[in-house]
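A.B. asks:
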Amino acid sequence: MSANEPVSDKQKKIHERVRSLILQSSDKITQNIQVSTGRIINTRIKKIESFKGAGGKTYVIEAALSTSLAGEVDGGIVLKFANDLDAEVDNAKKLAQLLTLRQADWDHWKKNHELGKRIKPFPDKVFAPDVIHVIPEVKALILEFLSGYIPLLQFSGKPADRWGYAGYALARLHGSKRQKTDVQLYSPVFKFLKTCIDEKILNYWIEVLEQSLGGVEFVHGDSHLSNLLISPMKIAWIDAILLPKLDRMDDVGYILSHAIQEYVADNIGISIDDSKLIYSITHSWVPLILTTYKQTYDISQIYSRLPLDFFIGSHLIIRAELWEKDIAAVLTRLGENFINEMPISKMLE
Ligand SMILES: Nc1ncnc2c1ncn2[C@@H]1O[C@H](COP(=O)(O)OP(=O)(O)O)[C@@H](O)[C@H]1O
Ligand SMILES: [Mg+2]
């Protein structure tokens, strides 16, 4: 939106409504701004971006906030219209609480451990934006706007750092508690996979999961590179589904399968060499993500066999359903390869 564009009546109404929401929630909007700002006296909307997700529509509204003590500061709100408002609010609040607890665990852990050199450069604080306001009449919630953050997907540094961030941020979300994975919760997944994977192989993976101590209080459940926002000082997770008692490698497999899906969709016109792609995932992305994950907590005691091939494969096969048939065929083929051939387990042997 530039200053010269004509503004329609509808846009004016939206701006007025957003302005009044910002003024109403003044205290909460400014609580995380480092300088002392006083109250928001006025706002000027600078940019509105919209995103359409499965759960509803999100507007990221950036504004210049005129404050009583600090003059004009950058800020904003995130306005999320949710199909299931109660679940959306509940998940956002739970995610923020969970990460506050994990931050306390982490502060404690650091007292007795030296930070590995690969994770030292990453921000110490991992958190989630607060829910500022709920508007049931229009099924919307307002979340704290994180100024100066970019989604990890847009990170333009080295690929090594991108996967490093992902592994570090996931490990910080999962924490260091050791508990069994609730394999029963994966019954629908195994039932679904029966249509394309041999039963003996599925039984092998069930046994691996039964032995796993990689269970966590919650997995993120939608852990892809656009749901992880980074800044020089802090990392934020957003948009979680929070599924309890699942396996930590589920989220690691999910983030990888999501990136594989994007790669396949972008390259479907060119021919995709399965074995080259699997080789580069196994020998580049996976070690990068696992290195920072492992430096955060020692997970070598948790798994005698790592279920990562299974999770990448199952997420790829499930994702295939969402795509048109050419892309779906490649995703299914790759998924079957991970589950049947276990290239990551073989590499780690
Ligand atoms: N609190 C926030 N601060 C800044 N940007 C945000 C915030 N929450 C979301 N965004 C931006 O909006 C995008 C969509 O938000 P998200 O909650 O993930 O909704 P969706 O359900 O559409 O994926 C994110 O990928 C991010 O770029
Ligand atoms: Mg999202």
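Going by our numbering, the letters in the sequence shown line up with residues 3 to 351, in that order. Every residue gets a Cβ at the ideal spot worked out from N, C-alpha and C, and that includes glycine. Note that the coordinates shown come from a computational prediction; the quantities given were computed from them, not determined experimentally.
For Ser28, tell me which candidate among Lys278, Leu175, Ser189 and Ala65 has the shortest Cα-Cα distance.
C.D. replies: Answer by Cα proximity: Ala65.
A.B. asks: For Leu318 and Ser347, which I take to be in contact (beta-carbon distance under 8 Å), what is that distance rounded to the nearest angstrom?
C.D. replies: Their Cβ separation, rounded to whole angstroms, is 16 Å, which puts Leu318 and Ser347 out of contact at 8 Å.
A.B. asks: Can you name, in chain order, every residue of its own chain whose Cβ lies under 6 Å from the Cβ of Lys15, other than the five neighbours on each side?
C.D. replies: Contacts found: none.
A.B. asks: Which residues does DSSP list as the beta-bridge partners of Trp239?
C.D. replies: DSSP, once it has assigned bridges, lists Leu230 as partnering Trp239.
A.B. asks: Is Asp1 a contact residue of ligand 1, with contact defined as CB to any heavy atom under 6 Å?
C.D. replies: What is shown of the chain runs 3 to 351, which leaves residue 1 out entirely.
A.B. asks: What are the residues that DSSP puts in a beta bridge with Ala261?
C.D. replies: Per DSSP, none; premise fails for Ala261.
A.B. asks: When you compare the CB positions of Pro153 and Ser228, do they come within less than 7 Å of one another, or not?
C.D. replies: A contact, by the Cβ cut-off of 7 Å.
A.B. asks: Only counting the same chain, and skipping five residues up and downstream in sequence, which positions put a Cβ closer than 7 Å to that of Ala242?
C.D. replies: Contacts found: Asn93, Leu97, His222, Gly223 and Asp224.
A.B. asks: Just to confirm the assignment: which complete alpha helix (DSSP H) runs, minimum length 4, are found wholly within the segment 279-306?
C.D. replies: Fully enclosed alpha helix (DSSP H) runs of 4 or longer: 288-298.
A.B. asks: Mind pulling the alpha helix (DSSP H) runs of 4 or more residues that sit fully within the segment 173-205?
C.D. replies: For the segment 173-205, whole alpha helix (DSSP H) runs of length 4 or above, ordered along the chain, are 189-195.
A.B. asks: Tell me the DSSP secondary structure of Gly255 in three-state form.
C.D. replies: Helix at Gly255.
A.B. asks: Keeping to the same chain, check which residues put their C-beta closer than 6 Å to that of Ile315; ignore five residues upstream and five downstream.
C.D. replies: First, the amino acid is wrong: residue 315 is Gly here, not Ile. Gly337, Phe340 and Ile341, listed in sequence order.
A.B. asks: Can you look up Arg335 in the DSSP assignment and give me helix, strand or coil?
C.D. replies: Correct three-state label for Arg335: helix.
A.B. asks: Let me know if Val140 comes out buried or exposed under the rule of 16 or more other beta-carbons within 10 Å of its beta-carbon.
C.D. replies: It is exposed - the Cβ of Val140 has fewer than 16 other Cβ atoms within 10 Å.
A.B. asks: Using three-state DSSP, classify Arg46 as helix, strand or coil.
C.D. replies: Arg46: strand per DSSP, three-state reduction.
A.B. asks: How about Gln303 and Ile121: are their beta carbons less than 7 Å apart?
C.D. replies: No.
A.B. asks: How far does the beta strand (DSSP E) with Val133 in it extend, from its first residue to its last?
C.D. replies: From DSSP, the beta strand (DSSP E) with Val133 extends over Val133 to Ile137.
A.B. asks: Between which two residues does the alpha helix (DSSP H) harbouring Lys95 extend?
C.D. replies: Counting along the chain, the alpha helix (DSSP H) containing Lys95 begins and ends at Leu87 to Asn114.
A.B. asks: Taking the CB atoms as reference points, tell me whether Phe220 and Pro190 lie closer together than 7 Å.
C.D. replies: For Phe220 and Pro190, no; Cβs fall outside 7 Å.
A.B. asks: Assign Pro131 to buried or exposed, taking buried as 16 or more other Cβ atoms, counted over all protein chains shown, within 10 Å of its Cβ.
C.D. replies: Pro131 is buried by the Cβ-count criterion.
A.B. asks: Tell me whether Ile79 counts as near ligand 1, meaning its Cβ is closer than 6 Å to at least one heavy atom of that ligand.
C.D. replies: Because no heavy atom of ligand 1 lies under 6 Å away, the Cβ of Ile79 does not count as near it: no.
A.B. asks: Could you give the DSSP three-state label for Ser316: helix, strand or coil?
C.D. replies: The answer is helix: DSSP assigns Ser316 an H, G or I state.
A.B. asks: Keeping to the same chain, check which residues put their C-beta closer than 7 Å to that of Gly118; ignore five residues upstream and five downstream.
C.D. replies: Same-chain partners within the cutoff: Gln297.
A.B. asks: Identify the residues that DSSP records as bridge partners of Tyr61: which are they?
C.D. replies: BP columns for Tyr61 point to Ser52 and Leu81.
A.B. asks: Whole angstroms are fine: how far does the CA of Gly55 sit from the CA of Asp268?
C.D. replies: When rounded, the distance between both Cα atoms is 20 Å.
A.B. asks: Can you look up Ala72 in the DSSP assignment and give me helix, strand or coil?
C.D. replies: Three-state DSSP puts Ala72 in coil, outside helix and strand.
A.B. asks: Distance check for Leu172 and Ala89, CA to CA, integer angstroms please.
C.D. replies: Near 22 Å, if we compare the C-alpha coordinates of Leu172 and Ala89.
A.B. asks: Can you list every residue whose CB sits closer than 6 Å to some heavy atom of ligand 4, going in chain order?
C.D. replies: Ligand 4 is not part of this structure, which contains only ligand 1 and ligand 2.
A.B. asks: Just the C-alpha distance for Lys49 and Leu71, rounded to the nearest angstrom, thanks.
C.D. replies: Those two C-alpha atoms are separated by around 24 Å.
A.B. asks: When you measure from the CB of Pro125 to every non-hydrogen atom of ligand 1, does any distance come out below 6 Å?
C.D. replies: No, the beta carbon of Pro125 sits no closer than 6 Å to any heavy atom of ligand 1.
A.B. asks: Could you have a look at Ala130 and say whether DSSP puts it in helix, strand or coil?
C.D. replies: In the structure shown, Ala130 sits in coil (DSSP, three-state: anything other than H, G, I, E or B).
A.B. asks: How is Pro309 classed by DSSP in three states: helix, strand or coil?
C.D. replies: Note: Pro309 maps to coil in three-state DSSP.
A.B. asks: Can you give the Cα-Cα distance for Leu100 and Lys127, rounded to whole angstroms?
C.D. replies: Taking the straight line joining both Cα atoms gives about 13 Å.
A.B. asks: For the alpha helix (DSSP H) that contains Ile16, what are its first and last residues?
C.D. replies: Residues Asp11 to Gln26.
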